[in-house]
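To convert, note that position 113 of the sequence shown is 103 in our numbering; the numbers rise steadily by one, no gaps.
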Amino acid sequence: MIGYITLGTKDLTRASKYYDELLTTIGASRFMEEENYFVAWSRKPEECALFLTMPFDQKDATVGNGTMVGMALETPAQVESFYQKAIELGGTCEGKPGFRPEGATKGFYAGYFRDVDGNKLNAFCMVE
-9 MIGYITLGTK
1 DLTRASKYYD
11 ELLTTIGASR
21 FMEEENYFVA
31 WSRKPEECAL
41 FLTMPFDQKD
51 ATVGNGTMVG
61 MALETPAQVE
71 SFYQKAIELG
81 GTCEGKPGFR
91 PEGATKGFYA
101 GYFRDVDGNK
111 LNAFCMVE
């Protein structure tokens, strides 16, 4: 249903390097870009994509309170690896990987983090 998600950045070069490395861990790569404006990644161009952009109005990019992008993965191990890479690359923890609610042994497994611009994301999977 969702075609793409757009996150704003203050520094396209720095943030693009962050996402180049992070998204490689799940098989995504750049498939579209316009110099000094945006970069887009996807595993396949026909799948949902993540766009990183300088705001069109040329004002500062700001983080939406309550806004978050969920990156769907297949296993808790992938969630852990993706989350750890995000932190290694300069992201900050917003909730270590684990089941939600805490104490559960199946269902929603996620790790939350903010990227180098403060955008909130999570890596998640469903465990039966």
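In this text, a Cβ means the ideal position worked out from N, Cα and C, and glycines have one as well.
- In the displayed model, Leu79 falls within coil according to three-state DSSP, outside both helix and strand.
- In the DSSP assignment, Leu63 falls outside any beta strand (DSSP E) and carries neither an H nor an E.
- The C-alpha of Val117 is placed about 28 Å away from the C-alpha of Tyr8.
- In this structure the region 42 to 54 touches the region 13 to 33; the number of beta carbon pairs closer than 8 Å is three or more.
- One alpha carbon belongs to Arg20, the other to Ser32, and they sit about 7 Å apart.
- Judged by DSSP in its simplified three-state form, Tyr9 adopts helix.
- Annotated three-state conformation of Tyr(-6) is strand, per DSSP.
- The region 25 to 52 is shown to contain whole beta strand (DSSP E) runs of 3 or more residues at 28 to 32 and 39 to 43, in chain order.
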